[in-house]
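Its first residue numbered 1442, the sequence shown is counted upward by one per residue in the working numbering. Just so you know, even glycine gets a beta-carbon here, dropped at the ideal spot from N, CA and C. The model shown is predicted, which means the values in this text are computed figures rather than measured ones.
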Amino acid sequence: MAKKSVKSKNSGAKAEAEQVGDPEEAKFGETTDSEEIDKAFEEAMKGEAMGDEVAENEEDDVDIDVTATIEASGGHVDVDGLTVKDIPGVGPSVAKKLIDSGFKNIRAIATLPPRTLMQESGIGDKTAEKIVKAAQELCKMEFTTADVVFEKRKNLGRIVMSSNALNEMLGGGVETGAITELVGEFRTGKTQIAHQCCINVQLPVDQGGLGGRALYVDSEGTFRPERLAKMAMAKGMDVKEALKNVIYARAYNSEHQINIMRQARKIIETQNVKLVVIDSLISHFRGEYFGLGSLGPRQQLLNMHLHQIMQLCDTYMIAAIVTNQVQAKPDVFFGNPIVPAGGNIIAHGSTYRVYLRKGKGDTRVAKVIDAPGLPESEAVFKITDKGIEDAET
Ligand code: GTP
Ligand code: MG
């Protein structure tokens, strides 16, 4: 009975969106046309001075109480179907601000620091706090038990990497809900693996994909659609369709890169994106912030950027691949003086860390160096005209 009331509210909101032509739906809708995506992306990229708006007083008086909703639903609210409009007490003006800035999904709001919600949507700080708390209550985000987590993890989606050795090493492929960092010297295959995963994510689930699209953020100008085309052709896919399924953004500086990630939320929500690639994660940050004095601010920004990415992975259960370079550590006298760039912030921020190096001939060696629940192991693969392949085929 009670559950019904939540659902009907939701379906009401949906019906309303259809009737009045919800701007989000209209913007991204079901379209797969690349021009329309470009237009939508450009609009999203305008950013409209996010966070500059001053909160209106009336919004600070918003009274939010979801207890009745939860009780009415028997304790199990179906949050997947709900939007911010379904949070009791959230009026049309607050809902509009949230939706316009990309916060439509309740799970997305529940995992945000209230401060970020405030800055990015322009709503008042007290309202932001109340909304995040309400969303967390609706999502029941307090405590759970290991068996529930176990069941959830069993159903985690993965993207195959076109090499059995690589897949095995990563427990079946690139995991959703996690950040996989590819780190290595130049020409070790980071960009190639990222390209391959943009193709493979499109495969149906029973073929090792997620039946979804990829969002590729390119900070180094090394994105090559013609390489994607070769990889798609090798898999017998419709090449034009495969290229349409990779949404591309060039990041021109670190601030721009962070802003793209802010706008990515809308695109992920509406465009069936299941993989986000950032190639490379750190190069702009390294280029712009150098010298000891700027290390602190750089690391702070990088940390925030990684949290942005992780929050998207968590909320939408998508996979993220980030690439990272290596750097020589002058103070290492014993052991390997070559270490991943970005220090502890990236080491802690990424879930899986895969170190790549050159092997014999056209082979490459991958090693998991930091992964929860996975043994440290190595895999040998090669880069061919078809893409990534096992070294021994
Ligand atoms: P940086 O971005 O410079 O740090 O390197 P990376 O690790 O991203 O290297 P990338 O993934 O670009 O790998 C480059 C390697 O892929 C080169 O050694 C090329 O030989 C190989 N490669 C790229 N495209 C092709 C192709 O079409 N055919 C074949 N056979 N190899 C390719
Ligand atoms: Mg590269």
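- Counting every other CB atom within 10 Å of its CB across the protein chains shown gives K1595 a total below 16, marking it as exposed.
- Here the stretch 1703–1722 lies against the stretch 1750–1763, with 3 or more beta-carbon pairs under 8 Å apart.
- At a cut-off of 7 Å, the beta-carbon of Q1766 counts as near the ligand GTP: some heavy atom of the ligand is closer than that.
- Under the DSSP assignment, I1810 falls in the beta strand (DSSP E) whose first and last residues are 1804–1811.
- The C-beta distance from Y1793 to L1597 rounds to 12 Å, too long to meet the 8 Å contact threshold.
- Straight-line measurement puts the Cα of A1576 at about 7 Å from the Cα of R1548.
- Between the C-alpha atoms of K1526 and T1568 there is a straight-line separation of about 14 Å.
- Counting only heavy atoms of the ligand GTP, the residues whose C-beta sits closer than 5 Å to one of them are, along the chain, F1627, R1628, T1629, G1630, K1631, T1632, Q1633, I1824, T1825, D1826.
- Residue pairing of L1656 in beta bridges, as defined by DSSP: I1688, V1717.
- Residue pairing by DSSP places V1763 opposite E1622, I1719 in a beta bridge.
- Contact between D1506 and P1529 holds, with the beta-carbon distance rounding to 6 Å and staying under 8 Å.
- For E1830, the enclosing beta strand (DSSP E) begins and ends at 1828–1831.
- Taken through DSSP and simplified to helix, strand or coil, E1817 comes out as coil.
- At least one heavy atom of the ligand MG falls within 7 Å of the beta-carbon of E1661.
- Looking from the CA of K1707, the closest CA among I1688, S1695, I1723, Y1730 belongs to I1688.
- Within the same chain, and ignoring the five residues on either side of T1663 in sequence, the residues whose Cβ sits closer than 8 Å to its Cβ are T1632, D1720.
- Within its own chain, the residues whose Cβ lies closer than 6 Å to the Cβ of G1649, once the five positions on either side in sequence are excluded, are V1601, listed in chain order.
- The closest CA to that of T1508, considering only C1580, E1561, I1779, E1817, is found on C1580.
- The stretch 1551–1580 is shown to contain whole alpha helix (DSSP H) runs of 4 or more residues at 1555–1562, 1566–1579, in chain order.
- Counting every other CB atom within 10 Å of its CB across the protein chains shown gives M1559 a total of 16 or more, marking it as buried.
- Distances taken from the Cβ of D1720 to the heavy atoms of the ligand MG include one shorter than 7 Å.
- The three-state secondary structure of Y1793, taken from DSSP, is strand.
- Inter-residue distance for S1660 and L1753 is about 19 Å (C-alpha atoms, whole angstroms).
- The Cβ atoms of Y1796 and G1625 sit closer than 8 Å to each other.
- In the DSSP assignment, P1781 falls within the beta strand (DSSP E) that extends over 1779–1781.
- Nearest Cα to P1645 within the set A1675, S1604, R1599: R1599.
- A distance below 7 Å between beta-carbons, with the five flanking residues on each side excluded, links R1739 to the following residues of its chain, in chain order: F1726, Y1730.
- Taking each of K1537, T1524, G1563 in turn and checking the Cα distance to A1551, the smallest one comes out for T1524.
- A residue is called buried once 16 or more other Cβ atoms fall within 10 Å of its Cβ, and P1781 is buried on that count.
- In this structure, DSSP gives I1505 a state outside helix and strand, which the three-state scheme calls coil.
- By DSSP's assignment, T1825 forms a beta bridge with G1828.
- The way I'd put it, the stretch 1605–1623 does touch the stretch 1820–1831; three or more beta-carbon pairs between them come closer than 8 Å.
- When secondary structure is reduced to three states using DSSP, R1599 falls in the strand class.
- In this structure, the CA atom of V1680 is about 15 Å from the CA atom of C1638.
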